[in-house]
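These notes concern the structure reproduced below.
Numbering (this note's numbering), first residue to last: 7 to 168.
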């Protein structure tokens, strides 16, 4: 994507996740990585915004508001943990960061990746209907074992153990 002079937008659900994600990208892209989130001072946010707008940035990492970053030619948008309710803006203007990312990707003809081990019902439905293409990871990070899962009928559990 970057080799074709297009930029990457990485959305994370929480401000606390941006430093670690940005650090990983800075290992490859250096100072061509910008961070956008509400935890930045107004001056820092303004400086980052102008660097993005002038095309000095290849990768933007941020929370839901970063979906509006003025990337001149976005080619890839990744919404990490797309199911997270933090992507939903409750105050005016109301929007869902995931949905804006999908719309922006469509307008820019960019690839959009919605990542989640537990996809939202909306995304799951879109994948089932063929609107989205679902990709499954067959192995976990560092080949860790899958957690054991057990279904419990809580009515019976409550009746037995109070």
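All residues carry an ideal CB built from backbone N, CA and C; glycine is no exception.
Here DSSP, grouped into helix, strand and coil, assigns residue 101 to strand.
For residue 81, the enclosing beta strand (DSSP E) starts and ends at 80-86.
A straight line joining the alpha-carbon of residue 112 with that of residue 83 spans about 10 Å. In the DSSP assignment, residue 66 falls outside any alpha helix (DSSP H) and within the unbroken beta strand (DSSP E) covering 65-68. As DSSP reads the structure, residue 40 sits in a beta bridge with 66. Taking 8 Å as the cut-off, the beta carbon of residue 43 is found closer than this to the beta carbon of residue 72. The C-alpha of residue 35 is placed about 36 Å away from the C-alpha of residue 131. In the DSSP annotation of this structure, the continuous segment of the alpha helix (DSSP H) that includes residue 49 starts and ends at 48-59.
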